[in-house]
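Using the numbering used here, read the sequence shown as starting at 1084 and increasing by one per residue.
Here the structure comes first, spelled out in structure tokens, and everything after it is commentary.
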Amino acid sequence: MNHHESGEPTHHQRPDGFIPLVYTPVTPEECLRRSEQLYRRMDQRRSVRQFSDRPVARGVIENLIRAASTAPSGAHKQPWTFVAVSDPKIKAAIRRVAEVEERKNYEHRMPEEWLEALEPFGTDWHKPFLEIAPWLVVLFQQNVERLPSGQQRKNYYVTESVGIAAGMFLSAVHEVGLVALTHTPSPMGFLSEILDRPPNEKPFLLIPVGYPAKGCEVPDLKRKNLAEVAVFLEE
Ligand SMILES: Cc1cc2nc3c(=O)[nH]c(=O)nc-3n(C[C@H](O)[C@H](O)[C@H](O)COP(=O)(O)O)c2cc1C
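Below is the structure:
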């Protein structure tokens, strides 16, 4: 029989293999201080489209992926693969195909409304950062899990899970002093071929990671304020 913190017994069974939570207590004051500090830091994260070619050690990328992979996921399936590319030949191949596709998008596939929405970002089909950034991290989602037996099992809440892992990856990149772009070249299927991924995996995001170029500029965006994004229901 299990016991809540209050000492009340609970009557449901639980499987073996439980361990005490690793938890560091915090005072309410410290919690508030950290929340303010965190917000200020997160507010400085920006999508960067001008990268320096300054290298980033593989160990850093490994730790960023480890951090992202601590994300919660539906039934703990961790339905993601991070493919980290620094090989200049592979980066060039990705740039080549991405630019062909993006050129078609900008020149005739995107409706006028979409092009208008993109105007403030000054983006076009040229994607030099795909070769200049030291790392391209391509995140794949696994819609089905391939068991060692060769059988396949459907994964659940894959988009939600991979989206959370992506968000944690982007926060981790920012936290260690690097910059990234959340990039969705469209269509993205070519990434499976170039990166030789199995059929149960689908490209989710392409994330160049590195240092910003000297004199890098970003669009002067305003973020929605709290009242525009949150509703509080209190007594
Ligand atoms: C799902 C998703 C897809 C995006 N795709 C692109 C993209 O293909 N190209 C690009 O330049 N920016 C892309 N962005 C970046 C957004 O334009 C950027 O996040 C937004 O303008 C806010 O700017 P910030 O990230 O600097 O706060 C994408 C962002 C998200 C979340």
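By construction, the Cβ of each residue, glycine as well, lies at the ideal position given by its N, Cα and C atoms.
Cβ-heavy atom distance, residue i to ligand 1, below 7 angstroms
i: residue 1134; result: no
i: residue 1209; result: no
i: residue 1301; result: yes
i: residue 1257; result: no
i: residue 1261; result: no
i: residue 1130; result: yes
i: residue 1304; result: yes
i: residue 1204; result: yes
i: residue 1191; result: no
i: residue 1213; result: no
Through-space distance from residue j to residue i, alpha-carbon basis
i: residue 1141; j: residue 1316; result: 46 angstroms
i: residue 1133; j: residue 1213; result: 10 angstroms
i: residue 1108; j: residue 1305; result: 35 angstroms
i: residue 1245; j: residue 1190; result: 31 angstroms
i: residue 1309; j: residue 1200; result: 23 angstroms
i: residue 1296; j: residue 1231; result: 44 angstroms
For residue i, the residue or residues it bridges with in DSSP
i: residue 1163; result: 1224
i: residue 1275; result: Partner(s): none; residue 1275 has no beta bridge.
Next on the checklist: With three or more beta-carbon pairs closer than 8 angstroms as the criterion, would you say the stretch 1149 to 1166 touches the stretch 1201 to 1211?
Outcome noted: The stretch 1149 to 1166 makes no contact with the stretch 1201 to 1211: fewer than 3 CB pairs, one atom from each, lie closer than 8 angstroms.
Checklist entry - Are the stretch 1259 to 1278 and the stretch 1181 to 1196 touching, with three or more C-beta to C-beta distances below 8 angstroms? => result The answer is yes - the stretch 1181 to 1196 touches the stretch 1259 to 1278, with three or more Cβ pairs under 8 angstroms.
Checklist entry - Is the stretch 1279 to 1290 touching the stretch 1256 to 1269, taking contact as three or more C-beta pairs under 8 angstroms? => result Flag = yes, the stretch 1279 to 1290 and the stretch 1256 to 1269 touch.
Checklist entry - So, do the stretch 1157 to 1172 and the stretch 1222 to 1233 have three or more beta carbon pairs nearer to each other than 8 angstroms? => result Yes: the two stretches touch, three or more of their Cβ pairs being nearer than 8 angstroms.
Item to check | the stretch 1245 to 1259 / the stretch 1136 to 1151 touching (three or more Cβ pairs under 8 angstroms) | outcome: Of all C-beta pairs linking the stretch 1245 to 1259 to the stretch 1136 to 1151, three or more are shorter than 8 angstroms, placing the two stretches in contact.
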